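J.:
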Amino acid sequence: MSHLVPVVALVGNPRPASRTRSTAERVAARVLPHVGADPGTPTSAVTTVDLAALAPQLFAAEHPDVDAALRTVAGAGVLVVATPVYKASYTGLLKAFLDGYGPDALAGVVAVPLVVSGSPAHTLVGEAYLRPLLVELGATVPTRALAVTEAELADLDTVVDRWLERAAEPLRRALHGTAALAGALR
3 MSHLVPVVAL
13 VGNPRPASRT
23 RSTAERVAAR
33 VLPHVGADPG
43 TPTSAVTTVD
53 LAALAPQLFA
63 AEHPDVDAAL
73 RTVAGAGVLV
83 VATPVYKASY
93 TGLLKAFLDG
103 YGPDALAGVV
113 AVPLVVSGSP
123 AHTLVGEAYL
133 RPLLVELGAT
143 VPTRALAVTE
153 AELADLDTVV
163 DRWLERAAEP
173 LRRALHGTAA
183 LAGALR
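So the number in the numbering used here is just where the residue sits in the sequence shown, counting from 1, plus 2.
(1) Decide if residue 61 is buried, meaning its Cβ has at least 16 other Cβ atoms within 10 Å, or exposed.
(2) Going along the chain, which residues of its own chain have a beta-carbon closer than 8 Å to the beta-carbon of residue 28, five neighbours each way excluded?
(3) Who are the Cβ neighbours of residue 151 in its own chain at under 6 Å, not counting the five residues just before and after it?
(4) Let me know if residue 14 comes out buried or exposed under the rule of 16 or more other beta-carbons within 10 Å of its beta-carbon.
(5) Just to confirm, is the Cβ distance from residue 114 to residue 82 under 8 Å?
(6) Can the beta-carbon of residue 37 be found less than 8 Å from the beta-carbon of residue 92?
(7) Going by other Cβ atoms of all chains shown within 10 Å of its Cβ, with 16 needed for buried, is residue 90 buried or exposed?
(8) With residue 31 as the anchor, note down where its alpha helix (DSSP H) starts and where it stops.
(9) Just to confirm, are residue 30 and residue 7 a CB contact at a threshold of 8 Å?
(10) By Cβ distance below 7 Å, which residues in the same chain neighbour residue 135 in space, the five residues on each side in sequence not counted?
(11) Using a Cβ-Cβ cut-off of 6 Å (strictly less than) and excluding sequence neighbours within five positions of residue 96, which residues of its own chain qualify?
(12) Please state if the CB of residue 108 and the CB of residue 139 are separated by a distance shorter than 8 Å.
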């Protein structure tokens with residue numbers, strides 16, 4: 003029996019309609035065909051959670067839109083977590099949102115850390131900072147982070163396809179391994 007794979011792009015850029023958002027959505031769309039149980043397995047469309055739209059509510063006493071976004075992210079099969087590099091790290095907005103989760107809240111989610119940077123010197127931010135944060139929250143991160151410099155954005159599909167040559171199979175194995183584990187725990 004086939005199932006739909008919920009693919010979510012979480013965008014941690016405080017600017018609306020950012021290059022980080024468009025990059026995250028394109029990466030998620032390129033990942034979609036690679037995460038089915040077999041080539042004929044349907045996948046979902048990409049759902050985008052753009053934190054720029056949620057920033058005013060993030061620290062409010064009541065924040066129903068943030069709560070809904072937290073549920074959407076936790077329900078992802080594959081989660082592309084995208085951030086620009088700010089002061090050699092991920093954004094405070096992304097961290098504030100992810101602080102809404104307890105330990106292991108993202109168990110069963112296969113995450114792809116995605117960093118958009120102005121300089122190749124910052125491409126390690128995904129591995130050094132974002133990946134450990136996602137693992138701390140319980141996400142499975144089976145591949146290296148995808149780092150894209152602003153200079154590479156014009157040829158993004160080629161950059162992503164090169165990354166997918168190594169990442170597609172580990173993503174697929176992790177996704178189906180976490181699904182099997184979740185089924186066994188029910």
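Glycine included, every Cβ here is placed at the ideal spot set by N, Cα and C.
Note that the coordinates shown come from a computational prediction; the quantities given were computed from them, not determined experimentally.
T.: The structure says:
(1) exposed
(2) 158, 159, 162
(3) 119, 122
(4) Result: buried.
(5) yes
(6) no
(7) Under the 10 Å beta carbon count, residue 90 is surrounded by fewer than 16 other beta carbons and is classified as exposed.
(8) 21-33
(9) no
(10) Excluding sequence neighbours, residue 135 sits near 100.
(11) Within the same chain, Cβ atoms closer than 6 Å to the Cβ of residue 96 are found at 14, 85, the five residues on either side in sequence being excluded.
(12) Taking C-beta atoms as the reference points, residue 139 and residue 108 count as a pair closer than 8 Å.
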